[in-house]
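Everything in the sequence shown is counted per numbering that gives the first Met the number 0, starting at 0 for the first residue and increasing by one. Positions of the beta carbon are idealized from the N, C-alpha and C atoms, including for glycine. Structure first, commentary second.
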Amino acid sequence: MIQEFNPSGVGVKNGNFIGLPYTYENAKIILIPAPWDATVSYRHGTSNGPQNILDASYQLDLLDAHVADAWKIGIYFMPINEEMLALSKETRTFAEQVIEFLEAGNDISTDSNIQKALDIVNKNGEIFNNWVYQTTSKALEDNKLVGLIGGDHSTPLGYYKALSERNKNFGIFHIDAHQDLRDAYEGFQYSHASIFYNALKINNISKVVQAGIRDYCEAESDVVEASKNRVVVFYDFNIREKMMMGTSFKEIVTEMIQQLPHEVYISFDIDGLDPSLCPNTGTPVPGGFTFNEVIFMLNQIVEQGKKIIGFDLVEVGGNEEWDGNVGARFAYKMANLMYKSQIN
Numbered sequence: 000m001i002q003e004f005n006p007s008g009v010g011v012k013n014g015n016f017i018g019l020p021y022t023y024e025n026a027k028i029i030l031i032p033a034p035w036d037a038t039v040s041y042r043h044g045t046s047n048g049p050q051n052i053l054d055a056s057y058q059l060d061l062l063d064a065h066v067a068d069a070w071k072i073g074i075y076f077m078p079i080n081e082e083m084l085a086l087s088k089e090t091r092t093f094a095e096q097v098i099e100f101l102e103a104g105n106d107i108s109t110d111s112n113i114q115k116a117l118d119i120v121n122k123n124g125e126i127f128n129n130w131v132y133q134t135t136s137k138a139l140e141d142n143k144l145v146g147l148i149g150g151d152h153s154t155p156l157g158y159y160k161a162l163s164e165r166n167k168n169f170g171i172f173h174i175d176a177h178q179d180l181r182d183a184y185e186g187f188q189y190s191h192a193s194i195f196y197n198a199l200k201i202n203n204i205s206k207v208v209q210a211g212i213r214d215y216c217e218a219e220s221d222v223v224e225a226s227k228n229r230v231v232v233f234y235d236f237n238i239r240e241k242m243m244m245g246t247s248f249k250e251i252v253t254e255m256i257q258q259l260p261h262e263v264y265i266s267f268d269i270d271g272l273d274p275s276l277c278p279n280t281g282t283p284v285p286g287g288f289t290f291n292e293v294i295f296m297l298n299q300i301v302e303q304g305k306k307i308i309g310f311d312l313v314e315v316g317g318n319e320e321w322d323g324n325v326g327a328r329f330a331y332k333m334a335n336l337m338y339k340s341q342i343n
């Protein structure tokens, strides 16, 4: 089957990423879809992001300028777990009750029905996180490299925990418009806006370097300050100001990468991009990186000798082909560079 595959041919819609001819057994990289967006605070739909990325992937070309014979690495896109997708949609109905109640200026403690709805959301979030943990752990035990495809930004927490059991000191390179350092935002223990607040509870994550941040609150700034340099932030406005005053983008990126330990996990929220590249993401923010700037950052992580141990790609809109197109290109690039970093 692999011998008969034509990398210059038509993308065959065989259910696998870009129509590649690999199975779970013979693939080196497993892309695990995480169809969950129960706690989104603005626009929902990213639970359909994995399907959108898969559907758009068939028209991608396979040659990668940074990784020779990339298609031969072997990438397998696991089937979307319909049970988890259904649980996300069910949980979303309860989350919306809580959000609407809060947005009306009410206190959750005054309404027992809203408290029950909140409890359901948090309980189901725990169920989903455990599923992610178990699924990623199994792939890691099978000696696979893993990329998690969201879904909202709450989705990779179980993966972080799985990696922390195998890697005693790793950093996270976090591309995003938001810091996601809120404590149980809107009462949701596993809110998309709380992923790095929760991640900091994992001791083996020694560093979080955030890039492109441009929408954040005072409480999050307090978390950064209290972290004592465990969280380092490269704000979007500072990056742009430095570039306008003559600092090269490469110099800025090198400064980012120097903050990271040898083993690096990449967490890429698509809204770290200019919104023209992700118009249907959950919480778009003006500003952000260009497509090529992110490609440059990702490649420099490898070129500067870091080892990518895993990644997630989250918050890709689930309903429009353009969002899936951009997301699929990043998923392919991140998977390829992860493998390259392992053999350098």
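Residues near Val293 by beta carbon distance below 8 Å, same chain, minus five either side: Ile174, Phe267, Gly271, Leu272 and Phe329
Straight-line Cα distance separating Thr282 from Gln96: Per the coordinates, the alpha-carbon of Gln96 lies some 19 Å from the alpha-carbon of Thr282.
Sufficient close CB pairs (3 or more, under 8 Å) joining the stretch 204 to 211 to the stretch 231 to 240: yes
Cβ shell of Asp110 (< 7 Å), same chain only, five flanking positions each side left out: Within the same chain, Asp110 has close Cβ partners Phe100.
Buried versus exposed call for Arg91 [16 or more other C-beta atoms within 10 Å across all chains shown]: Buried, by the Cβ-count rule.
Per-residue burial, Pro34 [other beta carbons within 10 Å of its own, 16 or more giving buried]: buried
Inter-residue spacing [alpha-carbon to alpha-carbon] between Asn362 and Met337: Absent from the structure is residue 362, since the part of the chain shown begins at 0 and ends at 343.
Limits of the unbroken beta strand (DSSP E) element including Tyr234: Val230 to Tyr234
Cβ distance (whole Å) where Ala161 is taken to contact Leu139 below 8 Å: Indeed, because the Cβ distance is near 6 Å, the residues count as touching under 8 Å.
Backbone CA spacing between Glu254 and Arg229 [nearest angstrom]: 15 Å
heavy atom of the ligand COA below 7 Å from Asn142 C-beta: The ligand COA is absent from the structure shown, which contains no ligands of any kind.
Between the CA atoms of Gly48 and Ser108 - distance to the nearest angstrom: Going by the C-alpha atoms only, they are around 34 Å apart.
Unbroken stretches of the alpha helix (DSSP H), 4 residues or longer, contained in the stretch 65 to 142: 81 to 102 and 111 to 140
Residue from Ser193, Gln178, Arg239 and Glu185 with nearest C-alpha to Tyr215: Gln178
Limits of the unbroken beta strand (DSSP E) element including Asp270: Run containing Asp270: none; DSSP gives neither H nor E here.
Val293 in three-state terms, based on DSSP: helix
C-alpha distance - Gly287 paired with Glu185, whole-angstrom precision: Gly287 and Glu185: Cα-Cα distance of roughly 26 Å.
Contact between the stretch 72 to 82 and the stretch 114 to 122 (3+ Cβ pairs under 8 Å): Counting Cβ pairs under 8 Å, fewer than three are found: no touch.
Classification of Asp322 by the beta-carbon crowding that lies within 10 angstroms, buried from 16 upward: Taking all protein chains shown into account, Asp322 has 16 or more neighbouring C-beta atoms within 10 Å of its C-beta and is therefore buried.
Exposed unless 16 or more other CB atoms sit within 10 angstroms - verdict on Ala225: exposed
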